[in-house]
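Visitor: In this note's numbering, the protein residues as written are 272 to 560.
This is the structure I want to talk about, given as structure tokens.
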Ligand SMILES: NC(=O)c1ccc[n+]([C@@H]2O[C@H](COP(=O)([O-])OP(=O)(O)OC[C@H]3O[C@@H](n4cnc5c(N)ncnc54)[C@H](OP(=O)(O)O)[C@@H]3O)[C@@H](O)[C@H]2O)c1
């Protein structure tokens with residue numbers, strides 16, 4: 272049993288912190304900017320809540336974090352009452368936010384100077400993966416730090432991989448998002464075409480999902496896409512944040528991402544349609560407007 276803190280009890284962080292407490296059996300202190308959510312978590316799971324990231328992090332062996340973007344991450348680590356100033360020597364900070372590789376490298380350097388470890392550890396698997404404790408975790412950092420933290424991370428994961436040095440976890444998550452962007456647009460176009468052709472979309476997917484066109488998105492999203500239901504899942508705003516990170520990194524490393532850039536603009540159309548919180552499968556709504 273380790274002393275653990277979790278910063279950021281959003282859609283993802285709330286259940287992940289729950290698994291660290293209940294499945295991992297750790298002593299968990301939580302922090303959330305909106306304090307009511309932290310109080311609710313403690314009512315549900317036990318443990319303790321702290322008023323600031325620094326208070327939560329003080330004296331802990333592992334400090335987890337899952338906030339929105341680079342700015343939020345800098346605020347809870349390096350900002351006023353940020354966690355970094357309070358980390359004990361030899362502890363490990365594990366960041367589950369989807370953020371840039373640049374912020375991961377900056378924070379890893381700051382952590383090293385202060386004498387504790389840092390892992391960038393973005394996740395894939397969505398809300399359901401977090402609730403069921405079966406996330407895929409893509410990690411960047413030092414091997415020894417990874418070996419220390421891995422058994423603790425496993426409380427909410429089905430797959431944990433060390434991808435390389437600081438920033439490599441975020442770079443891997445970028446590849447994940449690049450692969451998804453074009454795929455979801457392809458699926459939206461397929462379903463759109465099927466409807467126009469007068470076919471039974473459910474029946475079509477029943478058959479083609481067993482062949483070369485099958486995907487997680489097809490299995491898990493075709494029904495709701497067919498019904499025009501998007502009020503759940505991974506928000507378009509988050510996807511645009513992620514694709515922005517990918518496109519910036521591609522400018523830096525020279526990768527060509529023509530389809531990713533195009534789909535990013537399609538998501539802008541969805542935002543303009545009022546779909547900022549809609550699931551990413553809402554690319555179909557754009558074709559049907
Ligand atoms: N949702 C998914 O399916 C999914 C899947 C994979 C990865 N992710 C990634 O995981 C991260 C979190 O996603 P989510 O869906 O859990 O988001 P969310 O529900 O919007 O939660 C965001 C959390 O961050 C906190 N926060 C934001 N800015 C902050 C700041 N400046 N200072 C302190 N706390 C701050 C929020 O606090 P408040 O409660 O006070 O607002 C909240 O606890 C994102 O990077 C996202 O891209 C999400």
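Note that beta-carbon positions come from the ideal geometry of N, C-alpha and C, so glycine has one too.
Only a predicted model underlies this, so the values are computations on that prediction, with no experimental measurement involved.
(1) Count the other CB atoms within 10 Å of the CB of residue 478; is the residue buried (16 or more) or exposed (fewer)?
(2) Taking residue 300 as the reference, give the member of 325, 401, 386 with the closest Cα.
(3) With respect to the beta strand (DSSP E) encompassing residue 355, which residues constitute its N-terminal and C-terminal limits?
(4) Measuring from the CB of residue 505, is there a heavy atom of ligand 1 at a distance below 7 angstroms?
(5) Less than 7 angstroms between the CB of residue 283 and some heavy atom of ligand 1, yes or no?
(6) For residue 422, is the classification buried or exposed, using 16 other Cβ atoms within 10 angstroms of its Cβ as the cut-off for buried?
(7) Under the three-state reduction of DSSP, which class applies to residue 387: helix, strand or coil?
(8) Starting from residue 284, trace the alpha helix (DSSP H) in both directions and tell me its first and last residue.
(9) Using only CA atoms, which one of 413, 392, 435, 447 lies nearest to residue 428?
(10) Exposed or buried, which one is residue 446 when buried takes at least 16 other CB atoms within 10 Å?
(11) Kindly indicate which residue of 354, 398, 376, 408 has the alpha-carbon position closest to the one of residue 367.
(12) Can you list, in chain order, the residues of its chain with a C-beta nearer than 6 angstroms to that of residue 426? Leave out the 5 residues immediately preceding and following it.
(13) So that I know if they touch, is there some Cβ in chain C lying closer than 8 angstroms to that of residue 494?
(14) Whose C-beta lies closer than 8 angstroms to the C-beta of residue 344 among residues of the same chain, with five residues either side of it excluded?
(15) Taking only heavy atoms of ligand 1 into account, decide whether any of them is closer than 7 angstroms to the Cβ of residue 371.
(16) Any idea what DSSP makes of residue 538, helix, strand or coil?
(17) Which residue from 304, 486, 497, 357 puts its Cα closest to that of residue 474?
(18) Would you kindly check if the distance between the Cβ of residue 287 and the Cβ of residue 401 is under 8 angstroms?
(19) In this structure, does DSSP put residue 510 in helix, strand or coil?
(20) Of all the options 385, 390, 303, which has the alpha carbon lying nearest to the alpha carbon of residue 376?
(21) Does any heavy atom of ligand 1 sit closer than 7 angstroms to the C-beta of residue 338?
(22) Quick check: what's the CA-CA separation for residue 351 versus residue 323?
(23) For residue 444, report the span of its beta strand (DSSP E) as first-last.
(24) Can we count residue 552 as close to ligand 1, meaning its CB is less than 7 angstroms from some heavy atom?
(25) Are the segment 433-440 and the segment 457-477 in contact at 8 angstroms, needing three or more beta carbon pairs?
(26) Assuming residue 472 and residue 465 form a contact by the criterion Cβ under 8 angstroms, report the distance between their Cβ atoms to the nearest whole angstrom.
Guide: Taking the coordinates as given:
(1) exposed
(2) 325
(3) Segment: none, residue 355 is in no beta strand (DSSP E) and carries neither H nor E.
(4) yes
(5) yes
(6) exposed
(7) coil
(8) 284-293
(9) 392
(10) exposed
(11) 408
(12) 290, 291, 294, 295
(13) Note that chain C does not occur in the displayed structure, where there is just one protein chain.
(14) 336, 338, 366, 368, 370, 374, 378
(15) no
(16) helix
(17) 497
(18) yes
(19) helix
(20) 390
(21) yes
(22) 9 angstroms
(23) Element bounds for residue 444: not the beta strand (DSSP E) but the alpha helix (DSSP H), 439-467.
(24) no
(25) no
(26) 5 angstroms
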